[in-house]
Every structure is written in structure tokens, then in C-alpha cells.
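A.B. asks: What follows is a single structure, and I will ask about it in a moment.
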Amino acid sequence: MGMHLESTVPSAPNVVFLAHGSRAACNDFQRIHSRIGNARRDYLHKCSTTISQNHAMVCIEDLQVRNMSRSAAGTAEAPGRNVRAKSGLNRAILDQGWFELRRQLDYKLAWRGGWLIAVPPHNTSRTCPCCGHVSAANRQTQALFRCVGCGFEGNADVVGAINVLRAGHARLACEVSAEVMAPAAGTHRSDSGAARCRA
Numbered sequence: 026m027g028m029h030l031e032s033t034v035p036s037a038p039n040v041v042f043l044a045h046g047s048r049a050a051c052n053d054f055q056r057i058h059s060r061i062g063n064a065r066r067d068y069l070h071k072c073s074t075t076i077s078q079n080h081a082m083v084c085i086e087d088l089q090v091r092n093m094s095r096s097a098a099g100t101a102e103a104p105g106r107n108v109r110a111k112s113g114l115n116r117a118i119l120d121q122g123w124f125e126l127r128r129q130l131d132y133k134l135a136w137r138g139g140w141l142i143a144v145p146p147h148n149t150s151r152t153c154p155c156c157g158h159v160s161a162a163n164r165q166t167q168a169l170f171r172c173v174g175c176g177f178e179g180n181a182d183v184v185g186a187i188n189v190l191r192a193g194h195a196r197l198a199c200e201v202s203a204e205v206m207a208p209a210a211g212t213h214r215s216d217s218g219a220a221r222c223r224a
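In terms of my numbering, the sequence shown is residues 26 to 224.
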């Protein structure tokens, strides 16, 4: 859920000249940010509540959001590259609220005795759900998946979701076969066991 303030925020060179009388502008800016934050939290709560009420098991990619949104500026000795593009990507990642959605799903599923299973994201969007062939060439475009092995075609997001679900099923089956566990005890599976239970 992305919301942007570019149309309401003065450009950087103009900010310097707002030293006198800028309090109102700053207050407006903060109010806009607050409204966006409240709207995002409300949206995520509604989504996570609906999902947890209708699904006993939810599988997600184990995305390391903190690492993905790390600054690319670097240091004086080793300056970063493509800093402007990376900072824009960082904002987009944080605007989506991935970490917060995961946190909410985690505890809401636990309340209802369900599972949140996080699986390694490696190759989930490059693996053919039909024949299992893995190749970067399978992603013809951002939206189109076409397997170079068997010719299967589909929406890339749907293909990724299928692969994440299969990996989650495989991991759950692996863990259940190894031990008898209570549902609420398995709500956060993003660490140990990923390698041995990988689909």
C-alpha cells in the first residue's frame, strides 16, 4: 500500500527559504504523514484479520526487509552506487508494510491456532510449477512467466505464490513427521530447518 507526498512537499532547494514561517508547513507535513501511517495500519489490520480468519495456514517468503531496505550510500572510502535509485526502492519497500503485515499475521494466526510458515524466497519466481525447471529465462517480463523447459505460461505473481505454498507444505510435512507439535507453537518458522525442509 504505497502513498506518496511528492505533490505536497516543496522541492529541496526551496526548503532552505522556509526558515521563517515554516512551522505551519511542517505541521501540515507531519499531519499528512500521520494520516498515511494510520491508513496503512488500518489497511494491514483489516487484511491480516481477514486472512487469519479464513486460513489455518499461511505461507510467505522469508524476506529480510531490514537488509533489503539498507542504505546504499556507503562510506567516504567506499561510496555506494545508484544511491538515488536504491533510496527510492527502499521507500517503496517500507511503504508496502511487509514486516508489519508479517508481524500481524504471526500473532493473529497464533490466536486462532494456525500457522505462519516463512520459506526461503530463492527462485520462487523462477521455478516452473508444472515441470520444476528453474531458470531466470522463465521470467519473460515482470508479469509474464513462460517456462523455457515445458512451455507452461502464467502470471508471474501467481506462479510465485504456487511455489511458496508448495514450499510451505513441504516444510510443514517435514516438521510434523519429525515431531508432534501444537499448532500455536509453529507460528514463526523463518530460521532453523529451512535448509533441511526446503522444497
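Backbone N, C-alpha and C define an ideal beta-carbon position, used for all residues, glycine too.
Quick caveat: nothing in here was measured; it's all calculated off a predicted structure.
Are V183 and T149 close, meaning C-beta to C-beta below 8 angstroms?
C.D. replies: If you number the sequence shown from 1, residue 183 lands on position 158. If you number the sequence shown from 1, residue 149 lands on position 124. No; because the gap between Cβ atoms is not below 8 angstroms, this pair is not in contact.
A.B. asks: Comparing C-alpha positions only, which one of T74, C51 and C175 sits nearest to L126?
C.D. replies: The residue given as residue 126 occupies position 101 in the sequence shown. Per the Cα distances, T74.
A.B. asks: I need the straight-line Cα distance from R137 to H158, nearest angstrom please.
C.D. replies: Sequence index remark: in the sequence shown, residue 137 carries index 112 (1-based). Sequence index remark: in the sequence shown, residue 158 carries index 133 (1-based). One C-alpha to the other measures close to 37 angstroms.
A.B. asks: So, is S59 buried or exposed, given that buried needs 16 or more other C-beta atoms within 10 angstroms?
C.D. replies: Counting from one through the sequence shown, the residue named residue 59 turns up at place 34. By the neighbour-count rule (16 or more Cβ atoms within 10 Å), S59 is not buried but exposed.
A.B. asks: Reducing DSSP to helix, strand and coil, say where R66 ends up.
C.D. replies: Counting from one through the sequence shown, the residue named residue 66 turns up at place 41. Helix at R66.
A.B. asks: Looking only at its chain, what residues have a beta carbon closer than 7 angstroms to the beta carbon of L130, apart from the 5 residues adjacent to it on each side?
C.D. replies: Indexing the sequence shown from 1 puts residue 130 at position 105. Closer than 7 angstroms at Cβ, skipping near neighbours: S73, I76, S77, V83 and L141.
A.B. asks: Within its chain, find whatever has a CB closer than 7 angstroms to the CB of G174; leave out the 5 residues flanking it on each side and keep chain order.
C.D. replies: For the purposes of this step, residue 174 is identified with residue 149 of the sequence shown, where counting begins at 1. Cβ within range, chain order: C153, C156 and H158.
A.B. asks: Is DSSP giving L197 helix, strand or coil here?
C.D. replies: For the purposes of this step, residue 197 is taken as residue 172 along the sequence shown, with counting starting at 1. Looking at L197 - three-state DSSP - the assignment turns out to be helix.
A.B. asks: Ends of the beta strand (DSSP E) at L141?
C.D. replies: Residue mapping note: residue 141 aligns to position 116 of the sequence shown, counting from 1. First-last of the beta strand (DSSP E) with L141: W140 to V144.
A.B. asks: Among the residues of its own chain, which have a CB less than 8 angstroms from the CB of G55, if the five just before and after it don't count?
C.D. replies: The sequence position of residue 55 within the sequence shown is 30, counting from 1. First, the amino acid is wrong: residue 55 is Gln here, not Gly. Once the five neighbours on either side are set aside, Q55 has no close Cβ partner at all.
A.B. asks: Select from N79, L197, R48 and R66 the residue whose C-alpha is nearest the C-alpha of A143.
C.D. replies: Along the sequence shown, read from residue 1 onward, the residue named residue 143 stands at position 118. Ranking the options by Cα distance to A143, first place goes to L197.
A.B. asks: Between C199, Q167 and H70, which has its C-alpha nearest L134's C-alpha?
C.D. replies: Mapped onto the sequence shown, residue 134 falls at position 109. Closest by alpha carbon: H70.
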